[in-house]
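Single-structure report; data block below.
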Amino acid sequence: MKISLRKILLLSILAIVLISIVINSFIFGGFVNNYFKSYVIEEYNNKIEMIKNITTDYLENNEITKNQVILQLENFIEDPISEIAIYDEEGNYILGTGNVMLNMHNQMMNMRNTNTNLKTDIYDLEENESLYGYLEIKRNMNIENTENINYFYDSLISGSLISISLVSVLTIIISIFFSKIISFDFKKTVELANKIDHDEDINFKESKILEIREIQNTLKNISTKLKLKKSLKKEELDKLTHEIKTPIMILKSNLEGKKDDIIDFDEDRLNSLLEETEKLSHITENIKEIYDYENGNETVLFSEFDLNEEIRKIYSGMKYQFEKNGMKLEYIDKKHLNIKSDKSLINQSIYNILSNAYKYSSSKKVSIKIEETNSKVRIYIEDNGKGINEKYIQNIFDAYYRVPTEKTNGSGLGLFITKNNVEKLNGTIKVESKINEGTKFIIELPKNI
1 MKISLRKILL
11 LSILAIVLIS
21 IVINSFIFGG
31 FVNNYFKSYV
41 IEEYNNKIEM
51 IKNITTDYLE
61 NNEITKNQVI
71 LQLENFIEDP
81 ISEIAIYDEE
91 GNYILGTGNV
101 MLNMHNQMMN
111 MRNTNTNLKT
121 DIYDLEENES
131 LYGYLEIKRN
141 MNIENTENIN
151 YFYDSLISGS
161 LISISLVSVL
171 TIIISIFFSK
181 IISFDFKKTV
191 ELANKIDHDE
201 DINFKESKIL
211 EIREIQNTLK
221 NISTKLKLKK
231 SLKKEELDKL
241 THEIKTPIMI
251 LKSNLEGKKD
261 DIIDFDEDRL
271 NSLLEETEKL
281 SHITENIKEI
291 YDYENGNETV
301 LFSEFDLNEE
311 IRKIYSGMKY
321 QFEKNGMKLE
331 YIDKKHLNIK
341 SDKSLINQSI
351 YNILSNAYKY
361 SSSKKVSIKI
371 EETNSKVRIY
381 IEDNGKGINE
391 KYIQNIFDAY
401 YRVPTEKTNG
411 SGLGLFITKN
421 NVEKLNGTIK
431 VESKINEGTK
441 FIIELPKNI
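With full-length UniProt numbering applied, the sequence shown covers 1 to 449.
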């Protein structure tokens, strides 16, 4: 079952408010109930004391008439007291009140509860240890279950229900208002994501909600980066397409000339054609790099091999190329250094760094050195060229990044690929460089995975 964010917010807020009201009602009701019961019992006991004082004073002093006493006592005939009677010390009836009030009371109680239970309390009327008579009070069996108290509880429940209803309505209205705002902003964010997905121009009003605004800004930054990457990728591919035409045209024209017997393939011409094939090889490598790392076609294959032997092969293969460029490639050889890692990723990483040194360094010498510890191996590749400005170093491992001061023909992926390769092997790579002193790359790898 699908449910919208707006409904979830609305139901969540409403549930929280209702639960809060119910809990608050129980707690508040409990306090009120305990306090009110104590208050009712205390008031009842105060009434009894007042009645005892009136009747004792009457029996002791006889200063007021019988009718006056009855009038005073009738003021106390209300729920739970239904009848008051006075007896002398011998138990003879003197006066009483409440018969009419009792009948009215019974009628009202019968409307609420057909089972009316009365209880009779007898109190001694005495003063200074002298007994003057007895006070008889007939009352409701339960002092806390009077008509007034029941009316109070009914009013409390009614008020609570009205309060819950009003708060619920207000909560729904407020929740609808705010959920509409949040839902609207999320819909706009989804539209923004869809526009990015379809490579459309984005133009949106930032949300006032902090979290949604952060999502929108993140999407905006992603869109900018994607467009930049796409632009750079297209620019790179266009450039490679243009570059590939030149060596193909040279090779084609020479082959056609040879076919027509108008060109002789002497050693200089053959070397020239070999250089053109090297250019083609370099261009195809760049195309493969772009394709592989844009589409994630990467595989890590661990095996045990002699790292020294692999580096020696790279050194032997590139030594002649460096010498042709007037540079010296030096390798401080070790006898054996067995590690368990991905041979291909290590070879590619070392080749990329050496290739950069060959193409961009003004150094006359590039050296490769290996150091071994108990669990790790470090590969140092160092030149004594012009170095890299410190402000560019933090970016040289970024995809498509080229040092602004260099006239580069590469894809800008070489060092990015190298860093990714090393990290896949649970290793690290860092660079140290000083202007006019040179640059050193340090690759640290575990000997065993």
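Don't be surprised by glycine CBs; every beta carbon is placed ideally from N, CA and C.
Hey, quick one: how far does the alpha helix (DSSP H) through residue i stretch, first residue to last?
| i | result |
| --- | --- |
| Tyr351 | Lys343 to Tyr360 |
| Asn67 | Lys66 to Glu74 |
| Leu415 | Gly414 to Lys424 |
| Lys391 | Glu390 to Ile393 |
Can the beta-carbon of residue i be found less than 8 Å from the beta-carbon of residue j?
| i | j | result |
| --- | --- | --- |
| Ile370 | Thr418 | no |
| Lys340 | Ser367 | no |
| Ile21 | Val167 | yes |
| Ile379 | Ile443 | yes |
| Leu118 | Lys52 | no |
| Leu345 | Lys424 | yes |
| Lys86 | Leu161 | The identity of residue 86 in the sequence shown is Ile, whereas the question assumes Lys. In this structure, Leu161 does not lie closer than 8 Å to Ile86 by Cβ. |
| Asp333 | Asn308 | yes |
| Thr171 | Ile13 | yes |
| Ile222 | Leu280 | no |
| Ile212 | Phe186 | yes |
| Ile77 | Ile84 | yes |
| Leu192 | Leu219 | yes |
| Glu390 | Leu337 | no |
Considering only C-alpha positions, which residue in the set the options is nearest to residue i?
| i | options | result |
| --- | --- | --- |
| Asn62 | Ile81, Ser223, Lys334 and Asp88 | Asp88 |
| Met318 | Ile350, Pro446 and Leu270 | Ile350 |
| Glu206 | Phe36, Ile181, Asp261 and Asn436 | Ile181 |
| Thr97 | Pro247, Ser179 and Lys138 | Lys138 |
| Val190 | Ile215, Ser179, Ile172 and Ser168 | Ile215 |
| Tyr401 | Leu415, Ile388 and Lys376 | Leu415 |
| Val17 | Glu276, Glu42 and Val169 | Val169 |
| Lys376 | Ile393, Leu329, Tyr360 and Pro446 | Pro446 |
| Leu274 | Lys334, Lys313, Pro247 and Asn92 | Pro247 |
| Asn33 | Leu156, Ile19, Thr56 and Thr120 | Leu156 |
| Glu127 | Ile173, Ala357, Ile81 and Ile54 | Ile54 |
| Glu323 | Glu267, Asn347, Ile41 and Lys365 | Lys365 |
| Glu129 | Thr56, Glu330 and Thr373 | Thr56 |
| Leu301 | Asn347, Ile143, Ser12 and Asn203 | Asn347 |
| Gln321 | Asp261, Asn271, Ile23 and His336 | Asn271 |
| Asn142 | Lys359, Val40, Lys66 and Leu337 | Val40 |
| His198 | Phe36, Ile212 and Lys227 | Lys227 |
| Gly133 | Ile174, Phe152, Leu95 and Gly91 | Gly91 |
| Lys47 | Gly29, Thr428 and Gln72 | Gln72 |
| Ser179 | Glu49, Lys188, Lys7 and Ser158 | Lys7 |
| Asp121 | Leu95, Ile81, Gly159 and Tyr153 | Ile81 |
| Tyr315 | Ser355, Leu255 and Lys188 | Ser355 |
| Gly29 | Phe184, Glu74, Ser158 and Lys313 | Ser158 |
With DSSP collapsed to three states, give me the class of residue i.
| i | result |
| --- | --- |
| Gly91 | coil |
| Tyr35 | helix |
| Ile314 | helix |
| Lys434 | strand |
| Pro247 | helix |
| Lys334 | coil |
| Val377 | strand |
| Val403 | coil |
| Gly385 | coil |
| Gly326 | coil |
| Gly427 | coil |
| Glu127 | strand |
| Asp398 | coil |
| Asp261 | coil |
| Ile143 | coil |
| Lys205 | coil |
| Asp121 | strand |
| Ile164 | helix |
Below 6 Å CB to CB, which residues in the same chain sit around residue i once its five sequence neighbours on both sides are set aside?
| i | result |
| --- | --- |
| Glu432 | Lys440 |
| Val69 | Tyr58 |
| Asn426 | Pro446 |
| Val100 | Because Val100 sits at a pLDDT of 40, beneath the cut-off of 50, its placement in the model cannot be relied upon, and the following sentence gives the value as read from the coordinates. Within the same chain, Val100 has no close Cβ partners at all. |
| Thr428 | Glu444 |
| Ile381 | Ile353, Ile368 and Phe441 |
| Leu102 | With a pLDDT of 45 at Leu102, under the threshold of 50, the modelled position of that residue is not reliable, and no figure is offered here. |
Kindly indicate the opening and closing residues of the beta strand (DSSP E) around residue i.
| i | result |
| --- | --- |
| Asn140 | Ser130 to Asn140 |
| Val366 | Lys365 to Glu372 |
| Ser303 | Ser303 to Asp306 |
| Lys447 | It is not in any beta strand (DSSP E) - Lys447 carries neither H nor E in the DSSP assignment. |
Here's a check: name, in chain order, each residue in its chain whose Cβ is nearer than 7 Å to the Cβ of residue i, leaving out the five neighbours to either side.
| i | result |
| --- | --- |
| Gly387 | Ser433, Lys434, Ile435, Asn436, Glu437, Gly438 and Thr439 |
| Lys343 | Ser303, Phe305 and Glu310 |
| Ser362 | Gly385 and Lys386 |
Beta carbon of residue i: closer than 7 Å to some heavy atom of the ligand HEM?
| i | result |
| --- | --- |
| Ile70 | By its list of ligands, the structure shown contains no ligand whatsoever, and the ligand HEM lies outside what it can speak to. |
Apart from the five residues on each side of it in sequence, which residues of its chain come closer than 8 Å, Cβ to Cβ, to residue i?
| i | result |
| --- | --- |
| Asp398 | Phe416 |
| Asn325 | Tyr358 |
Taking only beta-carbon positions, decide if residue i is within less than 8 Å of chain C.
| i | result |
| --- | --- |
| Asn448 | The displayed structure is made up of one protein chain only, and chain C is not part of it. |
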